[in-house]
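Just so we're aligned: the sequence shown equals residues 1 to 171 in full-length UniProt numbering. Note that CB positions come from ideal geometry on N, CA and C, so glycine has one too. Source: prediction; values computed, not measured.
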Amino acid sequence: MTGTLELLSEYIQKEGSPVAFGGNPKGKVKGYGMVVKGEIKVNQVSYVNGLKHNLISASQLCDNGLDVLFKIKLCIMYKCDTKIEVMRANRRGDLYLICFDTFQSKEEICLVSSIKNEEAWLWHTRFCHLNFHTLEKLVKLNLVKGLPNIKFEKDHLCSACEMGKTQKIFP
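Structure below.
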């Protein structure tokens with residue numbers, strides 16, 4: 001997803017779902033296009049007005065014919081058919097950063113790779129604290145449009161769920 005319309009070719013204006021940014025501001029998908037860098041083409045890239053960083057998901061790269069290999073300090077992308085390396089991303093903190101030198105802006109694009117299970121907890125909250133087992137079923141049976149295919153693992157207790165399960169002892 002990008003906030004820079006100039007990066008997209010074959011842009012189609014189409015209102016999409018809302019997007020939550022870090023720090024709680026919200027944006028909305030305004031359309032879709034394709035990002036092209038040399039031989040690499042990434043389809044269905046969302047344009048979100050106001051987004052300050054360009055984000056690429058590893059699954060989106062895989063869907064566009066690339067194998068993605070994450071190492072401790074490096075991410076390497078290969079073409080699936082030829083196994084030729086086409087891109088590298090260096091790790092900075094929890095992000096893998098790519099500098100697309102063919103773009104005039106010289107902006108770095110963040111490949112989000114989070115060790116934390118933040119997205120699963122976000123969906124847990126969005127579905128009114130639905131349990132993780134049921135969220136897994138929704139993904140497995142493809143019952144909710146837009147629900148990402150991620151692993152829902154409960155690594156800690158949600159404070160809101162904990163409060164809902166407490167009982168007052170009768171005096």
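Using a Cβ-Cβ cutoff of less than 8 Å, which residues in the same chain neighbour Lys79 once the five nearest sequence positions on both sides are dropped?
Glu39, Gly65, Leu66, Asp67 and Val86
Residue span of the alpha helix (DSSP H) that contains Val139, given as start and end:
Phe132 to Lys140
Taking Val42 as the reference, give the member of Asp63, Lys28 and Tyr96 with the closest Cα.
Asp63
Nearest to Met34 (by Cα), restricted to the options Leu74, Ile56 and Leu51
Ile56
Do you know offhand how far Met1's Cα is from Pro148's?
15 Å
Run of the alpha helix (DSSP H) containing Lys71, from where it starts to where it stops
Careful: Lys71 lies outside any alpha helix (DSSP H) and carries neither H nor E.
Output the distance between the C-alpha atoms of His129 and Phe21, rounded to the nearest integer angstrom.
20 Å
Helix, strand or coil, according to DSSP, for Met34 in the structure here?
strand
6 Å Cβ shell around Pro18 - same chain, five flanking residues per side excluded:
Lys26 and Lys28
Might you give, ordered along the chain, the residues of its own chain that have their beta carbon closer than 6 Å to the beta carbon of Leu7, omitting 5 neighbours on each side?
Val35
Rounded to whole angstroms, what's the CA-CA distance from Ile115 to Asn54? Just pull it up for me.
For Ile115, the pLDDT reaches just 42, beneath the cut-off of 50, and the residue's location in the model is therefore unreliable, although a value from the coordinates is still provided. Looking at the two C-alpha atoms, the distance is approximately 20 Å.
Taking 8 Å as the threshold (C-beta atoms), are Cys75 and Arg88 in contact?
yes
State the Cα-Cα distance for the pair Thr134 and Glu119, rounded to the nearest angstrom.
16 Å
Taking DSSP as the reference, what is the three-state secondary structure of Ser159?
helix
Let's test the definition: count the other Cβ atoms within 10 Å of the Cβ of residue 172 and tell me whether it reaches 16, buried, or not, exposed.
Residue 172 is absent from the model: the chain starts at 1 and stops at 171.
For Gly164, name the three-state secondary structure that DSSP assigns.
helix
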